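Accompanying notes for the structure given below.
2 protein chains.
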Amino acid sequence: MKQTNVKAYKSDGFIGRYQQLVRDTVIPYQYSVLCDEAEDTEKSHVIANFANAAKALAGEDTGDGFYGMVFQDSDAAKWIEAAAYSLANFPDRALEERADSLIDLIAAAQDKDGYLNTYYTCKDTDKRWTNLLEGHELYCSGHMIEAAVAYAEATGKDKLLRVMTRNMEHIYDHFIVKGCEGFPGHPEIELALMKMYRATGNEHALELARTFIDRRGTDPDFFRKERESRDWTVWGSDGKDPDYQQSGRPVREQTEATGHAVRAVYLYTGMADLIDTDDTLRPACETLWDNITNRRMYITGGIGSTVLGEAFTADYDLPSDTAYCETCASIGLMFFASAMLRHDADRKYSDVMERAFYNTVLAGMQLDGKRFFYVNPLECDPGISGKAPTHRHVVTTRPKWYACACCPPNAARLIMSFGKYAYSEDDTAVYAHMYAGGKVIFDNGCELICRTSYPDDMTVRYTVVRAGNARRIAVRIPGWSEAFSLSVGGKTITALDKGYAYADISDGTEICLTLDGTPRFNFASPRIPHIAGMTALSRGPLVYCFEGTDNGNVSALTLDTAVTPQIKGNDASLGGASVIECAAVRDEDTDIPYSFTQSSAPASARAIPYYTWCNRGETQMRVWMRKK
Amino acid sequence: MKQTNVKAYKSDGFIGRYQQLVRDTVIPYQYSVLCDEAEDTEKSHVIANFANAAKALAGEDTGDGFYGMVFQDSDAAKWIEAAAYSLANFPDRALEERADSLIDLIAAAQDKDGYLNTYYTCKDTDKRWTNLLEGHELYCSGHMIEAAVAYAEATGKDKLLRVMTRNMEHIYDHFIVKGCEGFPGHPEIELALMKMYRATGNEHALELARTFIDRRGTDPDFFRKERESRDWTVWGSDGKDPDYQQSGRPVREQTEATGHAVRAVYLYTGMADLIDTDDTLRPACETLWDNITNRRMYITGGIGSTVLGEAFTADYDLPSDTAYCETCASIGLMFFASAMLRHDADRKYSDVMERAFYNTVLAGMQLDGKRFFYVNPLECDPGISGKAPTHRHVVTTRPKWYACACCPPNAARLIMSFGKYAYSEDDTAVYAHMYAGGKVIFDNGCELICRTSYPDDMTVRYTVVRAGNARRIAVRIPGWSEAFSLSVGGKTITALDKGYAYADISDGTEICLTLDGTPRFNFASPRIPHIAGMTALSRGPLVYCFEGTDNGNVSALTLDTAVTPQIKGNDASLGGASVIECAAVRDEDTDIPYSFTQSSAPASARAIPYYTWCNRGETQMRVWMRKK
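Chain order of the listed sequences is H and C. Each number in my numbering corresponds to the 1-based position in the first sequence with 555 added. Each number in my numbering corresponds to the 1-based position in the second sequence with 555 added.
Put into structure tokens, the structure is as follows:
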């Protein structure tokens, strides 16, 4: 039975602290960026763009016009979406007023035919819909549709949803009624249209999503021909590599994750969303999932091995120090996982969803919520990272903002909607895919309270306050937990189906799950040349790393995996995260590059969770270590 | 006392076989390429370019005009230079006639004012000397000067030398007499002018070399301003990164090897050549040498860590799989080493010269002399190499030729002039920097015969047939030889001065040197993150590597450095090179990317000399291996 994501989740514990940080710090900070009021950082201008577009439509002088990326509008959309999730659980009148007035501005920037995009409206309305390859109009509409759905769900206010329904109908008119060719150069709107469809039942949204999915790749030369038919480009893209936009073949025939990683996982999410109505998409989704997670994903849940095109490269090409691992790509991987989970409660999806969240997504944000990584390497070497031309993208300090600012607001909306990924439901069951403390209210009437200090502590307790129509709970037992104990209403459960334990519930059922939080050494497949024969430490969902701050030159360390690593308490400078010590040997430093001898001495190596790295100044960092 | 390079060396042994291969196969093959008669390979057109330029000067129709790189002329120059070295030791009437007629063509392509460059003469004479940043006119003149000097020395025919003297005077007139600003965007002519000066005593050549060296970097903005003063470019270079052309500061103030690696080492060679007449250049040469060899050089003597600009990057940034290590750059490093050795017989120079030759330079050519590498990685993974965007430059099979064909003829001329690098002399001494079997005749009257199967065998015997004016021999004892025995005229020598053993000689003196050919594991400094904690096998000057052909997945192997590697005889399929077996363990293959367990089994790993890799089909290859 198909599940739906949960709407009402009031968090506490680890997730609660992160959501509070986003509410108190990240959302206000990001708003100041959008208004160009943040200090010492990249200019956004996104709110001014909407105001200027409205002036353009009114025939007025557009003032300072448009500034920013062709997809600048999407930063406002993601901020509204994050604000919506925040308002759903933390009523905040000032925030709601701020969002309402931004929505008013957006509505004013919509053309009378439903078109909405400040880049084209401010700059050149004749260029509308002529550059699907690079133009990002469908991408921006997609993000704004997501914001509209979230804002209506959170506040009951449907102004933005009406705006975006008109915009969707405009797009429907262009691509379906008028029959104009094409599909998005940057997939995004597909998954957004499916959100709109699920929220409103609007069949045009479904038809549009399906049309974009079905058209893709039927003519691999579409974008090249589109490019040749116009005399302008945004970035000079020639459209000659259709795999870059996942349009080299029809989606049902795609077997390898190619091209721009964010585009890829956004597309696959849209495809997975459509499985309900078209099961012929399922095999491709499963094949692409396996290709990514078995061959093209870092242990941190990062994807996209190269900065060149922010892209997937080849099977088993997973370099640590030049990794791209865009924060948005791991967020998109969570989307894909969640969409697959709705059809198939298999921990192969939820394990990866959790891996991506607790490692790459959280690492994308400084612990104080004020700085953000776009790129999330598994190794950083100040002196090389950020300096060598091959490593320029690997910055050694989180910036405050980006000219291309997709990641920070994406992380904000993801964290604020964590409950939607952690919990789902169908008519008679509730699902716990990830462990998230707090209160959950399901549409099927079930109300659940979860108490846990996870991922620091491995015990998770649930109380079924009311069962409602739910007769069963499905609790994921992670693949990383070598042992577990689960009792439901005093009864021990051991049987698993695709990594999920199923148990009957009723009002008042008490559930206690204990997972195995022993620190573990991970070993890479010898098929992955960069890390074959090396080891990475993890505990629960958290991948650990070794920083120069704690260890001096981490490249001089070789870990002794025969000695059990020891948890050494919580580090206040890392938000209270658990640190772990390992036995190691340290090679003696030398300025001779190559020698016939090498001396080394026993040493201890201190590891911290990967998501906390780079919170104590610029320093060296490694996830994968040599082992004895 | 300053040394000069030896002129007459008739090789046998290992070097003899390579020179014979170049004479019999490489030089004829390359000529067929230059004539566009080679099959299935890149077009050269270089000889036609000269013919067409001559027609342009005669006011005739230029036929199919110019084709190729802006520096296409230099391929002909390097071929003539290689042919000259070949003719010096292997008289060959047909080859000499071929070279003579090419020289006739070149002479006809020279303008009446001495200008010589087919690109500009065929295309647009108004552009002459307006693009020193990219134009390569001085670079091409430099290579042709080198060819002219070599051809005159080898054959006694001075037609090309007269052509190039007129060309040099034309350049002198432009840059010195007329006082036009500028210096080469691609250094090369400096070292060529110094060859001309040493061969002819022409003071204008010396003054021109010195002027170019002294001007460089005095205005770091020179190339940016030059770019802004013209409305055309060759490749779009903006001149905004002066370090790319080593012109960010005056050469005497340069401390780090930056930018395009070949340009860098060609420049430093020119600087070192000038030390005789200007000792203020010495400290910068020594500092730059140390920077390269201690921090920016691969164990194979490869330099230039990145394909992006074919350039140096940062200290200790030495990735194996994305290495550039252009063949020409290691040849240039040998030039720099040899130039430093002329002033200072220190094995720190000759050790590196030998390392570069026996590894990167020789690896640049297939064992049959018919295919060539431009890029010489230390790791190759078919499936990733040549395919991932970051690895596109790492081709997995040597191509027959290149559109940018600098390397193949450069390797040919280097191999054919090996004696000049192996041996030098001053008025009263002869120097053996590298071990090269054959007969050597020095200008000081000494005649030496060297008998050795080096580098397969570690015994080198010299007979002083005649001492001439030489009273001493200086024999390098390599840094890699942990022990050695040297007897000169029956007397054992143990004392070394900067790694050289000095001994008196007279007519008939017999010298016997035995070096330590034990296979050795090398360990990288922990400052080099990519290879810290790893090991590479070497024997004598030869770095070894592990190929998939012998070992299956080499990334699954971990070497046991506690077990002594065993030499396992010679491999006929590798030109008789010695192969070595090491104890290892092999990790079990798995398609699970990350696991908590890993099983492995004892295995044996077979290593071959790096220079012989990729001679048995496309396969995986690694130099640096994990170690137990």
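Backbone N, C-alpha and C fix where the C-beta goes; we use that ideal spot for every residue, glycine too. All values derive from a computational prediction rather than experimental measurement.
Report the three-state DSSP secondary structure of K733/C (helix, strand or coil). Along the second sequence, read from residue 1 onward, the residue named residue 733/C stands at position 178. The DSSP-derived three-state label of K733/C is coil.
I want to verify the contact list: residues of chain C whose CB lies under 7 angstroms from the CB of A1111/H, in sequence order. Numbered from its first residue, the first sequence carries residue 1111/H at position 556. Under the 7 angstroms cutoff, chain C gives P1081, A1087.
Of the listed residues R818/H, K610/H, E636/H, R1171/H, nearest to L693/H (C-alpha basis): Start at 1 with the first residue of the first sequence, and residue 693/H comes out as number 138. For the residues R818/H, K610/H, E636/H, R1171/H, the minimum Cα distance to L693/H belongs to R818/H.
Under 8 angstroms by beta carbon: chain C residues contacting D786/H: In the first sequence, residue 786/H corresponds to position 231, counting from 1. Chain C residues near D786/H: none, gap ~21 angstroms exceeds 8 angstroms.
In chain C, what lies closer than 7 angstroms to I496/H by C-beta? The requested residue 496/H does not occur in the structure, where chain H is confined to residues 556 to 1183.
What distance in whole Å lies between the Cβ atoms of A637/H and I582/H, which are believed to be in contact at a cut-off of 8 angstroms? Walking along the first sequence from the start, residue 582/H turns up at place 27. Walking along the first sequence from the start, residue 637/H turns up at place 82. Yes, I582/H and A637/H are in contact; Cβ-Cβ is about 6 angstroms, under 8 angstroms.
Pairing CB atoms from the region 836–853 of chain H with CB atoms from the region 898–911 of chain H, are three or more of them under 8 angstroms? At 8 angstroms Cβ cutoff, the stretches touch.
Quick one: grab the DSSP three-state call for K1183/H. As a working mapping, residue 1183/H is identified with position 628 in the first sequence. It is coil, neither helix nor strand.
Kindly indicate which three-state DSSP category M556/H falls into: helix, strand or coil? As a position in the first sequence, residue 556/H is number 1, starting the count at 1. Only weak support is given to the placement of M556/H: the predicted model assigns it a pLDDT of 47, under 50, and the value that follows is read from those uncertain coordinates. Coil.
Under a three-way DSSP split, which group does E1065/H fall into? For the purposes of this step, residue 1065/H is identified with residue 510 of the first sequence, where counting begins at 1. Of the three classes helix, strand and coil, the one that applies to E1065/H here is strand, per DSSP.
Where do the ends of the beta strand (DSSP E) carrying K975/H lie? Taking the first sequence and counting its residues from 1, one reaches residue 975/H at position 420. Segment 973–977 is the alpha helix (DSSP H) holding K975/H; no beta strand (DSSP E) there.
Are there 16 or more other CB atoms within 10 angstroms of the CB of M556/C, so buried, or fewer, so exposed? Taking the second sequence and counting its residues from 1, one reaches residue 556/C at position 1. Note that M556/C has pLDDT 47, beneath the 50 cutoff, so the model's placement of it is unreliable and the number below is only indicative. Looking at its Cβ environment, which holds fewer than 16 other Cβ atoms inside 10 Å, M556/C is exposed.
Please confirm whether A866/H has its beta-carbon closer than 8 angstroms to some beta-carbon of chain C. The residue you call residue 866/H lines up with position 311 of the first sequence. So yes, A866/H belongs to the interface.
Give the straight-line distance between the Cα atoms of A958/C and T559/H, rounded to the nearest whole angstrom. On the second sequence, residue 958/C is found 403 positions in, with the first residue counted as 1. On the first sequence, residue 559/H is found 4 positions in, with the first residue counted as 1. Approximately 58 angstroms between the Cα atoms of the pair.
Contact check, A943/H vs T861/C, beta carbons under 8 angstroms: As a working note, residue 943/H is residue 388 in the first sequence. As a working note, residue 861/C is residue 306 in the second sequence. Closer than 8 angstroms, so yes.
At a Cβ threshold of 8 angstroms, is S1150/H touching chain C? Within the first sequence, residue 1150/H is the residue found at index 595, counting from 1. Proximity of S1150/H to chain C, defined by a Cβ-Cβ separation below 8 angstroms, is satisfied.
Once you ignore the five residues that flank G993/C on each side, which residues in its own chain have a CB closer than 8 angstroms to its CB? Position 438 of the second sequence, counted from the start, is the residue given in the question as residue 993/C. Excluding positions up to five away in sequence, the list reads Y564, K565, S566, D567, G568, I570, G571, G974, I1004, C1005.
Suppose contacts are defined by Cβ-Cβ distances below 8 angstroms. Is A884/C in contact with A816/C by that definition? Taking the second sequence and counting its residues from 1, the one referred to as residue 884/C is at position 329. Taking the second sequence and counting its residues from 1, the one referred to as residue 816/C is at position 261. One thing to note: A884/C has its Cβ within 8 angstroms of the Cβ of A816/C.
Amino acids of chain H, ordered along the chain, whose beta-carbon sits closer than 7 angstroms to that of Q1153/C: What you label residue 1153/C is simply residue 598 of the second sequence in a count that begins at 1. Going along chain H in sequence order, the residues near Q1153/C (Cβ under 7 angstroms) are F1078.
When burial is assigned at 16 or more other CB atoms within 10 Å of the CB, is C735/C buried or exposed? The residue given as residue 735/C occupies position 180 in the second sequence. C735/C counts as exposed, since fewer than 16 other C-beta atoms from the protein chains shown sit within 10 angstroms of its C-beta.
CA-to-CA distance, V1043/H to I1066/H, given in whole angstroms: Reading the first sequence from its first residue, position 511 is the one you call residue 1066/H. Reading the first sequence from its first residue, position 488 is the one you call residue 1043/H. Rounded to the nearest angstrom, the two C-alpha atoms are 4 angstroms apart.
For C935/H, which of helix, strand or coil comes out of DSSP? Taking the first sequence and counting its residues from 1, one reaches residue 935/H at position 380. Three-state result, C935/H: strand.
Are any of the Cβ atoms in chain C nearer than 8 angstroms to that of S860/H? Taking the first sequence and counting its residues from 1, one reaches residue 860/H at position 305. Output row for S860/H: interface = yes.
Considering L695/H, what are the terminal residues of the alpha helix (DSSP H) in which it resides? Walking along the first sequence from the start, residue 695/H turns up at place 140. One detail in the question is off: residue 695/H reads as Cys in this sequence, not Leu. From DSSP, the alpha helix (DSSP H) with C695/H extends over 692–710.
Contact between the region 1050–1058 of chain H and the region 1096–1112 of chain H: three or more CB pairs below 8 angstroms? They do not touch, by the three-pair rule.
Three-state secondary structure (DSSP) of C840/C: Numbered from 1 along the second sequence, position 285 holds the residue referred to as residue 840/C. C840/C: helix per DSSP, three-state reduction.
So that I know if they touch, is there some Cβ in chain H lying closer than 8 angstroms to that of N1108/C? Counted from its first residue, the second sequence places residue 1108/C at position 553. Among the CB atoms of chain H, one or more fall inside 8 angstroms of the CB of N1108/C.
At a CB-CB cut-off below 8 angstroms, which residues of chain H make contact with N849/C? If you number the second sequence from 1, residue 849/C lands on position 294. Ordered by position in chain H, the residues that pass the 8 angstroms Cβ test against N849/C are D1146, I1147, P1148.
Around the Cβ of Q1121/C, are there at least 16 other Cβ atoms within 10 angstroms (buried) or fewer (exposed)? Working through the second sequence from its first residue, we reach residue 1121/C at position 566. Sixteen is the threshold: since fewer than 16 other Cβ atoms of the shown chains lie within 10 Å of the Cβ of Q1121/C, the residue is exposed.
With distances taken from CA atoms, which of A977/C, H946/C, V1019/C is nearest S1061/C? In the second sequence, counting from the first residue as 1, residue 1061/C sits at position 506. Across the set A977/C, H946/C, V1019/C, the C-alpha of V1019/C shows the shortest separation from the C-alpha of S1061/C.
Applying the criterion that 16 or more other CB atoms from any shown protein chain within 10 Å of the CB defines a buried residue, is E980/H buried or exposed? Position 425 of the first sequence, counted from the first residue, corresponds to residue 980/H. Taking all protein chains shown into account, E980/H has 16 or more neighbouring C-beta atoms within 10 Å of its C-beta and is therefore buried.
Member of V1015/H, A1139/H, C935/H, R926/H whose CA lies at the smallest distance from the CA of H946/H: Along the first sequence, one-based indexing puts residue 946/H at 391. Of the listed residues, the one whose Cα sits closest to H946/H is C935/H.
Decide if W1035/C is buried, meaning its Cβ has at least 16 other Cβ atoms within 10 Å, or exposed. What you label residue 1035/C is simply residue 480 of the second sequence in a count that begins at 1. Answer is buried; the Cβ neighbour count reaches 16.
Could you work out which residues of chain C lie near A1185/H, taking near to mean beta carbons separated by less than 8 angstroms? The structure shown has nothing for residue 1185/H, since chain H only spans 556 to 1183.
List, in chain order, every chain C residue whose beta-carbon is nearer than 7 angstroms to that of A869/H. Translated into the one-based positions of the first sequence, residue 869/H becomes position 314. Correct list: G938, I939, K942, A943.
From D668/H to T580/H, what does the alpha carbon distance come to, in whole angstroms? Position 113 of the first sequence, counted from the first residue, corresponds to residue 668/H. Position 25 of the first sequence, counted from the first residue, corresponds to residue 580/H. The straight-line gap from Cα to Cα measures roughly 38 angstroms.
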